[in-house]
Structures are given as structure tokens and as C-alpha cells.
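So for the sequence shown, the numbering used here puts the first residue at 87; every next one is plus one.
Backbone N, C-alpha and C define an ideal beta-carbon position, used for all residues, glycine too.
Given the structure is predicted, the values throughout are model-derived calculations rather than measurements.
To start, the structure under review is shown below, and the notes come after it.
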Amino acid sequence: MADPGERSRTFPVTREGIFLAHAAVAPISGPAREAMDAWTQDASRGRQESLEIWKKVRQTREVAARFLGCDWEEVSLLGPTALGLGLVALGIHWKPGDEVVYDPYDYPANVYPWLDLARRGVRPVPLKRNPGEAIGWEDVKPVLTPKTRLVSLATAHYLSGRQPELSVIGPELKKRGVLLCLDGIQTLGVLPTRWPEADFLAADAHKWMLGPVGAGVLMVRKRVWDQLHPPLLGSWNVVSPDFLAQPEIAFEGEGRRYEPGSLNLPGIEGMRASLELLENLGHDDVQQHALGLARRLREGARQAGFRIYGSGEDRGERVITSLVEPPGGWEPVKRRMEEENVRVSWRKEHDGKVLLRVSPHGSNIPGEIEKFLTLLGTAG
Ligand SMILES: Cc1ncc(COP(=O)(O)O)c(C=O)c1O
């Protein structure tokens, strides 16, 4: 986006400083703010719900479906990610002795729902790998047994940014009849997140989608609707004519099937507007732009003597880069970033080391990466 005026209208955060923390809680876009403001105006005049908003809800399902490569009927509008993943964990008809494979180094939202299934006689099976390494088929294969029902992975790791080898893992799981669940929050909106073998995918809007916190999507493929009973029930997903509770439970169709009650309409509006913006900017252009910035950042950081978390052979491209704490610690770097209003995120690794995580998006420009590298200095 060459025109500075347009950039500052589209991404108001760019007026405030340099924002390089999209893997954390990203700023909402200008269009998202406008859409949410418009909803707020209507809401204050007694129209929280209207014919107009239901059309927008449908558009939200449609634009999300284009990002996910699924049908709009397969998109439920929920959020946060933990709600989507938890709903999957709670809704599957598990049999005692079933096994579920998860990544113990993943973000908590994609760990606890599976661990907790032990209470229901399901065996949670952790992947065995070194933190920071990408997950390959060779990591998944050895832990599969005839009892494996589901494998849950993140489309990109929240610290290393590395993507699992889904183009191989997906088809291999399908061959074995194993369900695939994805936490898509660290790629949806920036990197391709269309995995035909994924049966379920959950993501909140507050990162790469540039939407507000607490609005998100849960994709459930039609082919597995009969395997996932909606575990949360209410007037919205159970057919309830005239708002009267019925003696029988019959589920609504489409994404509503997994939405138990009133929707988070302001949040959904923000998510829709940002997804449409990203789509208009062009999936591929946004992706190439963010990847180019991330590559330059890694190159500069390496030249300055920093170690990249999860280095080694890269299977895929990544937009998230974490730098390993240098011998002298992060304090001087942290101070410089704060003084110059450069927003990055600081995250701990399981071994206690503090990582400096940097995650540029389509809204960033090359000069911002150069400024970041100048402030970073050398590893000393
Ligand atoms: C991989 C991953 N999943 C999920 C989340 C957020 O979860 P939730 O939307 O439940 O707050 C994050 C946030 O850092 C994340 O990195």
C-alpha cells in the first residue's frame, strides 16, 4: 500500500508507531472500526438485530469460507479459539479407549481441551519432538495407533511460526480414517489456511484477521456433522418456533448448528470488515508482502548475531519470528523498543528463556523492519 494517507486510514495503528506483534493481539483495521461503530449506532437506537445485520452475518460466513476453502454452511461464528476447540473436544462421540494426539508445546487453547478428555476415558497422546522444531509426518506417524480418533495441530506454531507438514499429514490421516482438527489462529488472514483434510478448524479474529477479541470462526465440515454433536444448546441452534422450548431436539442447519445463543454481532461485524479488506488487498499479495518482511527481519537479525528460535531446515515459510535471548538479556533492547514505540511481543519458552517475537503483517512497510533492526542492535 504505497499511499501513506490510505495506509493510515486502512490501518490506524500505523499512526501510533511500529506495530510488529500480530501474533499477539493485533490492532483492528480501520474498516473494522467503522463497521463496529455503525453497528453501535444502530444498537443504541434499538436495532441490535436487523435484516441488514443478518445479511452481514451471512457475508461473514461467506468470506470466512473463502479463506478456509469450505462451504459457508460449514462456518460457525463463535470465538475465542478455545471455545471452538473445546466444542469439538466435548461434542465428539468418544468411545472409551479412543486416543487423541496433541502437541504438548502448543498454545494452551489447543492442549487443555484434549488433556481434559482423560476424564471421559479418552487417552491424550502427546507428540514427541523438540520445542521449536516443525511437526512432520515422521513425528505424527509413530504415535498413531488403531485407536487414534483425532489429531489436533496448530496451522503455525505461536512461537516458532513453523507450519506442520499438513500437505502430507492431512492425506495420511484421511487414509487411516483419523479426524484432523486445526487451531488456525496463527495463519488465518495472512497465510493459506485451506486444508481440505481438516475436519475442524477454530480461530479467533484478534490476530492476523485484524478483528476484535472474542469473535471467531469454527469450521466443521458437513461430512463430520454426524460425528460432532453440538455440546452447547440453546434457542439459536435448536429449532424453537416462537422462542418456545420444544419437547424434541432438532438442530438448525448450517453454521448455526454449533451456535447455541445470541451472536457476538459487533465482533462479527469487525471480523467481516477486516476479512473483506484482506481479501480485497489480495490473499497472495498480503502473504508475499508479510513473508518478505519476515525474511528480511530474520536475515538482519542473524547478521546481527541473534539466534532464531526454531531454526534449521525450513519446511515452509513463516511470518512469525522469535529471537532467542542473547547472553546480556533483553533489557536494553526492550527499553529501546518502548522508547521508540515499536510493539513486539515477549514470550517465554518452556525452558524459561524469554523470546522476542516479531510478526509483521500486510500493514507494515520495509522501513519499519529496518528501524526494528537498528533498535535491535547486535547480540553482543
Ligand atoms: C496458537 C494459538 N491459539 C489460540 C490463541 C488464542 O486463543 P483464544 O482465542 O482462545 O484466546 C493463541 C494466542 O496467542 C495462539 O497463539
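Identify whether residue 311 lies in helix, strand or coil by the three-state DSSP scheme. helix
Looking at residue 168 and ligand 1, is the gap between the Cβ and the nearest heavy atom below 7 Å? yes
So the candidates are 294, 225, 214 and 269; which of them puts its Cα closest to the Cα of residue 193? 269
Just reading off the alpha helix (DSSP H) that residue 90 is part of, what are its end residues? 90 to 96
Give me the Cα-Cα distance between residue 243 and residue 287, rounded to the nearest whole angstrom. 15 Å
Just reading off the alpha helix (DSSP H) that residue 361 is part of, what are its end residues? 351 to 367
Of all the options 307, 449 and 237, which has the alpha carbon lying nearest to the alpha carbon of residue 91? 449
Taking the alpha-carbon positions, what's the residue 289 to residue 413 distance? 36 Å
Which one or two residues does DSSP pair with residue 432 in a beta bridge? Residue pairing by DSSP places residue 432 opposite 442 in a beta bridge.
Indicate, with yes or no, if ligand 1 has a heavy atom lying under 7 Å from the CB of residue 216. no
Kindly indicate which residue of 207, 147 and 146 has the alpha-carbon position closest to the one of residue 175. 207
Could you check if residue 389 belongs to the surroundings of ligand 1, using beta carbon to heavy atom distance under 7 Å? no
My output table needs one value for residue 161: the three-state DSSP class, helix, strand or coil. strand
Residues near residue 411 in its chain [Cβ-Cβ closer than 6 Å; skip 5 each side]: 439 and 440
Residues of its chain near residue 380, where Cβ-Cβ distance is below 7 Å and the 5 sequence neighbours each way are ignored: 404, 405, 407 and 446
Reducing DSSP to helix, strand and coil, say where residue 426 ends up. Reduced to three states, the DSSP call for residue 426 is coil.
Does the distance between the C-beta of residue 302 and the nearest non-hydrogen atom of ligand 1 fall short of 7 Å? yes
Beta carbon of residue 479 nearer than 8 Å to that of residue 226: Examination of residue 479 is not possible in this model, given that the chain is present from 87 through 466 alone.
Alpha carbon to alpha carbon, how far is residue 303 from residue 241? Give it in angstroms, no decimals. The straight-line gap from Cα to Cα measures roughly 15 Å.
Return no unless some Cβ of chain D is closer than 8 Å to the Cβ of residue 313. The chain labelled as chain D is not found in the depicted structure, where only one protein chain is given.
Alpha carbon to alpha carbon, what distance is there between residue 321 and residue 327? 9 Å
Go to residue 305, then tell me how far its beta strand (DSSP E) extends in each direction, as first and last residue. 302 to 306
Hey, how far is the Cα of residue 146 from the Cα of residue 451? 28 Å
I'd like to confirm something about residue 249: is its beta-carbon nearer than 7 Å to some heavy atom of ligand 1, or not? no
Mind the definition here: the stretch 264 to 279 touches the stretch 152 to 159 only if three or more C-beta pairs lie below 8 Å; say whether that holds. Yes: at least three Cβ pairs fall under 8 Å.
Determine the contact status of residue 178 and residue 454, defining contact as a CB-CB distance below 8 Å. no
So, helix, strand or coil for residue 238, using DSSP? strand
Beta strand (DSSP E) containing residue 269: first to last residue? 265 to 269
How should residue 292 be labelled, buried or exposed, when 16 other C-beta atoms within 10 angstroms of its C-beta is the threshold for buried? Looking at its Cβ environment, which holds 16 or more other Cβ atoms inside 10 Å, residue 292 is buried.
Between the beta-carbon of residue 245 and the beta-carbon of residue 395, is there less than 8 Å? yes
For residue 209, list the residues DSSP reports as bridge partners. 185
Could you say if the stretch 153 to 173 and the stretch 298 to 315 meet the contact criterion of at least three C-beta pairs nearer than 8 Å? yes
Going along the chain, which residues of its own chain have a beta-carbon closer than 7 Å to the beta-carbon of residue 250, five neighbours each way excluded? In chain order, 220, 221 and 239 place their CB closer than 7 Å to the CB of residue 250, counting only its own chain and leaving out the 5 sequence neighbours on each side.
Sequence-distant residues of its chain with Cβ nearer than 8 Å to residue 256 (five each side left out): 266, 281, 282, 283 and 284
Three-state secondary structure (DSSP) of residue 192: coil
Since residue 459 contacts residue 387 with CB under 8 Å, what's their CB separation in whole angstroms? Rounded, the Cβ-Cβ distance is 7 Å, consistent with contact.
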